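Taken in order, these protein sequences are the chains called L and G. Mind the numbering: the first sequence is residues 1 to 82 in this note's numbering, read in order. Mind the numbering: the second sequence is residues 1001 to 1605 in this note's numbering, read in order. Every residue, glycine too, gets a C-beta built ideally from N, C-alpha and C. These numbers come from a predicted model, not from an experiment. In what follows, a structure is listed as structure tokens, so that the remarks can point back to it.
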Amino acid sequence: MLVKLFATLIEFTGKRKLEVHGPKKVRELLDELDRMFPGFKKELEKGYIILVNGKNIEHLQGLDTPLSDDDTVSIFPPAGGG
Amino acid sequence: MYGNWGRFLRVNLSTGEVKVEGYDEEFAKKWLGSRGLAIYLLLKEMDPKADPLGPENKLIITPGPLSGTSAPTGGRYNVVTKSPATGFITMANSGGYFGAELKFAGWDAIVVEGQSEKPVYIYIKDDNVEIRDASHLWGKVVSETEEAIKKEIGSKKLHIASIGPAGENLVKFAAVMNDGHRAAGRGGVGAVMGSKKLKAIAVEGSKRVPIADRQKFMLVVREKINKLRNDPVAGGGLPKYGTAVLVNIINENGLYPTRNFQTGVFEHAYEQSGEAMTAKYLIRNQPCYACPIGCGRVNKLPTVGVTEGPEYESIWALGANLGINDLASIIEANHQCDEFGLDTISTGGTLAAAMELYEKGYLTDEELGDAPPFRWGNTEVLHYYIEKIAYRKGLGDKLAEGSYRFAEMYGHPEYSMSVKKLELPAYDPRGAEGHGLGYATNNRGGCHIKNYMISPEILGYPYKMDPHDISDDKIKMLILFQDLSAIIDAAGLCLFTTFGLGADDYRDMLNAALGWDFSTEDYLKIGERIWNAERIFNLKAGLVPERDDTLPKRFLEEPMPEGPNKGHVVRLKEMLPRYYKLRGWTEDGRVPKEKAEELGIAEFL
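Structure, rendered in structure tokens:
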């Protein structure tokens, strides 16, 4: 699946986009990202916006939202503006 | 009285008369100040049917009770008037330092009336007020105007609000600019100032805002600043990336309006995002007065040198909405808009309507002649037409009327993405339906600021609401946002504080500063009063709810063609009657006598 990272997460990982294969749920994807980039999950402790194919996981199944290999996952730290 | 000075200036430019008028604490407890004071004066003194560009219209420039204090973001002011764009009320709001300085000079508002025959500017130094000749300033862009006045007066403390050529030439979306790049942008307030031949207001003050309990206020303010600093948005994303941190979020959520709102996904969004701007052009942040957030950007480009901005809205309006991805061109265009004194959202929205009319064949090469064609993504259009609009030259004269009137001239007003003839900001409502209801019901037309439902629908503040939920809970949240925004405006604070603060926090700061013992509900009641009073003004000005509380046909009838919101329209018809009911209005959107009596504004019906 394609994982897109934004804002401070780009600085943290040094990547804007990466391919990850294997995780079946958002929770497992975050574990995998934490393994690849130690401290990744801590970066999200203050909050996050996670979209699976543009839909917020809050309105899907949260961290248990299922994933497949052709999904796009966008991960943001908390953000606002206007 | 504390917070407010209890006095304002009335300047009549037809007669040259300057008067000082006052009000008491009882009045402040009803209207709070700023936006509240302004709507009271407009309803009390002015015919809502008056020509916005005629001498009867009043231009009210007003900081709030917390402006000029140490309250976080306490530097804002409102420009309230009847809008030449919409024909209804507008309350454009700006940061920077001008609002605080006006407060330091000892004034809660300047009410400008009449029309001068010759260009003038107003110079205020504390109690000393002069109307000065501005013939030598007429025609100057904003930076030249500020520089010339500063040189003339010779004070380093001076802060200036002025208009550029766009305001002088009565462009329907001209802004009032202050501190170089800060804009009270929406609704053509700059044209009203231009119609009065008022080039600028220059202020310096030496007074300290009266606070009821200074020690308590200091402790409360410190607590709120800490809240903001510890908030991941107000203390994290906003200072680091500016408001443009939203570009990617809104695009990934599928509601970043592209090519005049034909779709909600822009393929080049990243290239114009806050992340990209920070990496390529940012040299420092530029906070407004007393602001712990500091979202303002200072960028450097080889072409224009050091400049401020652009904000999220401007990047979008001068970028994706025109199919333009080149960030350098967008920064340059934003600089041009600031210098000429143009609202960037309406400038972009009007050019976008022209591009769609060109795409559909209603605006032809024959009419354009040698001018750059209105093709999506053509950056030449920006630099060429921004100047032509400001000076009303060639096709710029028609474009200066705004997207609705422009599209109407070509027989297709439906290509104007506007509400009440005010161009919409950077969120496609098909991806946030509560935000769409906000657009439709906003007192100043197509505006996001006074009812920012993107916060709960997309960003999760104060909590996440499904963007496609249209329940009563959603509508109640919208009403709360509208009333709370009125209070934050009336207090003289920035709406970005809502990312770290809640309604109780504003209550705490206001009570400590004003010496009152109001509950949160008491303050929200003032917000509701302001909102309803503005609605009454609009109804008297000729608002027809069934005609005007609506959205462009595109959002009601054309499903979003792609992305996460594919297939969605805005179900406005299902929400609007319930909004009226929850507001306590009649079925046809009028403020009934009982509601007006409850709010103590029946005299205005």
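Straight-line gap, residue i to residue j (C-alpha atoms, nearest Å)
i	j	result
A1648(G)	K15(L)	Here chain G has residues from 1001 to 1605 only, and residue 1648(G) is not among them.
T1086(G)	G1445(G)	7 Å
E1339(G)	G1164(G)	6 Å
W1107(G)	F1008(G)	5 Å
D34(L)	F40(L)	5 Å
E1025(G)	E11(L)	52 Å
D1133(G)	E1152(G)	12 Å
Y1362(G)	L1395(G)	14 Å
P66(L)	T1550(G)	38 Å
T1015(G)	E1113(G)	9 Å
I1449(G)	M1001(G)	30 Å
F1481(G)	D1365(G)	45 Å
T1145(G)	D1179(G)	11 Å
E19(L)	V3(L)	6 Å
D1489(G)	E28(L)	45 Å
W1005(G)	P1210(G)	8 Å
D1326(G)	V1220(G)	44 Å
P1310(G)	A1602(G)	43 Å
A1038(G)	I1061(G)	8 Å
V1570(G)	D1469(G)	11 Å
Outcome for residue i when other beta-carbon atoms lying within 10 angstroms are tallied against a minimum of 16
i	result
Q1262(G)	buried
H1136(G)	exposed
V1544(G)	exposed
A1279(G)	exposed
P1373(G)	exposed
Q1336(G)	buried
H21(L)	exposed
K1058(G)	buried
R1297(G)	buried
S1083(G)	buried
T1303(G)	exposed
S1206(G)	exposed
V1020(G)	exposed
V1306(G)	exposed
I1526(G)	buried
Residue-level contact to chain L via CB, residue i, 9 Å cutoff
i	result
K1451(G)	First, the amino acid is wrong: residue 1451(G) is Asn here, not Lys. So no, N1451(G) is outside the interface.
A1244(G)	yes
G1096(G)	no
N1565(G)	yes
P1232(G)	yes
S1455(G)	yes
Y1461(G)	yes
H1159(G)	no
G1411(G)	no
G1237(G)	yes
Y1281(G)	no
K1464(G)	yes
K1240(G)	yes
I1458(G)	yes
H1435(G)	no
H1568(G)	no
Contacting residues, own chain, Cβ-Cβ under 7 Å from residue i (five flanking each side not counted)
i	result
K1224(G)	P1072, L1501, D1505 and M1509
V1265(G)	N1251, G1254, Y1256, T1258, E1562 and G1563
N1565(G)	G1254, L1255, G1264, R1430 and G1431
Contacts around residue i, its chain only, beta-carbon distance under 8 Å, and the 5 residues preceding and following it disregarded
i	result
V1129(G)	L1009, V1011, V1018, I1122 and Y1123
D71(L)	M1, L2, V52 and N53
Within-9 Å CB hit, residue i to chain G
i	result
T16(L)	For the sequence presented, residue 16(L) should be read as Arg rather than Thr. R16(L) counts as touching chain G.
G80(L)	yes
E19(L)	no
T8(L)	yes
S68(L)	no
P77(L)	yes
K24(L)	no
Cut-off 6 Å between Cβ atoms - residues of its own chain near residue i, not counting five sequence neighbours on either side
i	result
P1048(G)	F1537, K1540 and A1541
I57(L)	V26, I50 and T65
G1434(G)	M1453, E1457, K1474 and L1478
P1425(G)	E1313, I1345 and H1448
K1125(G)	E1204
E43(L)	F12
Contact residues within the segment 1287-1313 of chain G, judged by C-beta distance below 9 Å to chain L: Result list: C1295, E1311, Y1312 and E1313.
Interface positions of the segment 1246-1278 of chain G facing chain L (Cβ-Cβ less than 7 Å), listed along the chain: Look at the segment 1246-1278 of chain G: the residues with a C-beta under 7 Å from a C-beta of chain L are L1246, N1248, I1249, E1252, N1253, G1254 and E1275.
Near-chain G residues of the segment 38-59 of chain L (beta-carbon distance less than 8 Å), N- to C-terminal order: If the cut-off is 8 Å between Cβ atoms, the segment 38-59 of chain L has K46, G47, I49, L51, N53, G54, K55, N56, E58 and H59 near chain G.
Cβ-based contacts, 9 Å cut-off: residues of the segment 1480-1506 of chain G near chain L: From the segment 1480-1506 of chain G, only L1495, F1496, T1498 and F1499 have a Cβ closer than 9 Å to chain L.
Under 8 Å (Cβ pairs) to chain L, residues found in the segment 1180-1210 of chain G: Within the segment 1180-1210 of chain G, no residue qualifies.
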